[in-house]
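These notes are about the structure you will find just below.
Residue numbers (our numbering): 4 to 232.
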């Protein structure tokens, strides 16, 4: 009887010790996580309402725990964006389908130099990503080229066009715009009635300026590394 009670006592003691060790481990993990800086997205997307980031922190020296695996921002931070920029939805004499100027006019929607790619994070472990807006504009250019081509797209060109059509469809659903357009839009004479109301939009000029500035900063870091080799 004594040995059985002693065995139960030991089991209970071991259980208590195990719980105590688990508590210490969990406490240590919490302490480490509390000292860890917030992820990059905290600086760009988790800010108080109606505030504007005057200087996007595109390069931040984080501890080793940052910028590893999924510790990356969800959105590309913009330099000095204006909130709620108004844009008129109207028919344009530019961005035609097959005019001589169309290829260059549509190319103007691309970001300079980087093909929509951007590098974020400290130089020693910078992460590359593509901004969704750049992908959307790329798909619009691809669809325009496919529609303007003399031949019917086949093979890779066809699959690319199908991908872009599906991507733009899903993008419009993701950022569904519930703005009420005036009148019967589908019965409107777009030649005579060229303006279709206004939208509150992202500051597109800040996007292009931020992409260019981020590219220039990355090129500077890259060139310094090449000189050091």
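Note that CB positions come from ideal geometry on N, CA and C, so glycine has one too.
Residue i: first and last residue of the uninterrupted alpha helix (DSSP H) it sits in
{"i": "residue 175", "result": "158-177"}
{"i": "residue 217", "result": "207-231"}
{"i": "residue 77", "result": "No alpha helix (DSSP H) holds residue 77; DSSP gives it neither H nor E."}
{"i": "residue 110", "result": "105-110"}
{"i": "residue 143", "result": "135-151"}
Cβ-Cβ distance between residue i and residue j below 8 Å
{"i": "residue 181", "j": "residue 164", "result": "no"}
{"i": "residue 151", "j": "residue 100", "result": "yes"}
{"i": "residue 91", "j": "residue 232", "result": "no"}
{"i": "residue 220", "j": "residue 87", "result": "no"}
{"i": "residue 206", "j": "residue 126", "result": "no"}
{"i": "residue 157", "j": "residue 89", "result": "no"}
Exposure label - residue i; buried when at least 16 CB within 10 Å
{"i": "residue 23", "result": "exposed"}
{"i": "residue 18", "result": "exposed"}
{"i": "residue 124", "result": "buried"}
{"i": "residue 35", "result": "exposed"}
{"i": "residue 214", "result": "buried"}
{"i": "residue 185", "result": "exposed"}
{"i": "residue 26", "result": "exposed"}
Other residues of its chain near residue i: CB distance less than 6 Å, five sequence neighbours each side excluded
{"i": "residue 61", "result": "Its pLDDT being 43, under 50, residue 61 is placed unreliably in this model, and the value from its coordinates should be taken loosely. Excluding sequence neighbours, residue 61 sits near 217."}
{"i": "residue 133", "result": "119 and 120"}
{"i": "residue 51", "result": "Residue confidence for residue 51 is low, a pLDDT of 34 falling below 50, so the modelled location carries little weight and cannot support an answer."}
{"i": "residue 7", "result": "none"}
{"i": "residue 29", "result": "none"}
{"i": "residue 155", "result": "none"}
Residue span of the beta strand (DSSP E) that contains residue i, given as start and end
{"i": "residue 127", "result": "Residue 127 -> no beta strand (DSSP E), and no H or E assigned at all."}
{"i": "residue 87", "result": "Where residue 87 is concerned, there is no enclosing beta strand (DSSP E), given that its DSSP letter is neither H nor E."}
{"i": "residue 203", "result": "198-204"}
Nonlocal neighbours in the same chain, by C-beta distance under 7 Å from residue i, ignoring five residues either side
{"i": "residue 210", "result": "81 and 136"}
{"i": "residue 129", "result": "122 and 123"}
{"i": "residue 97", "result": "108"}
Proximal residues to residue i (C-beta, below 8 Å), its chain only, five neighbours per side dropped
{"i": "residue 55", "result": "Confidence at residue 55 is low in this model, with a pLDDT of 41, below 50, so the placement of that residue is unreliable and no value is reported for it."}
{"i": "residue 71", "result": "128"}
Cβ pair count under 8 Å reaching 3, the segment 165-181 against the segment 128-142: yes
At a cut of 8 Å, does the segment 207-224 reach the segment 97-109 through at least three beta carbon pairs? no
Assess contact between the segment 175-189 and the segment 70-80, defined as three or more Cβ pairs (one per stretch) separated by less than 8 Å. Is contact present? no
Does the structure place the segment 114-122 close enough to the segment 154-164 that three or more beta carbon pairs sit under 8 Å? no
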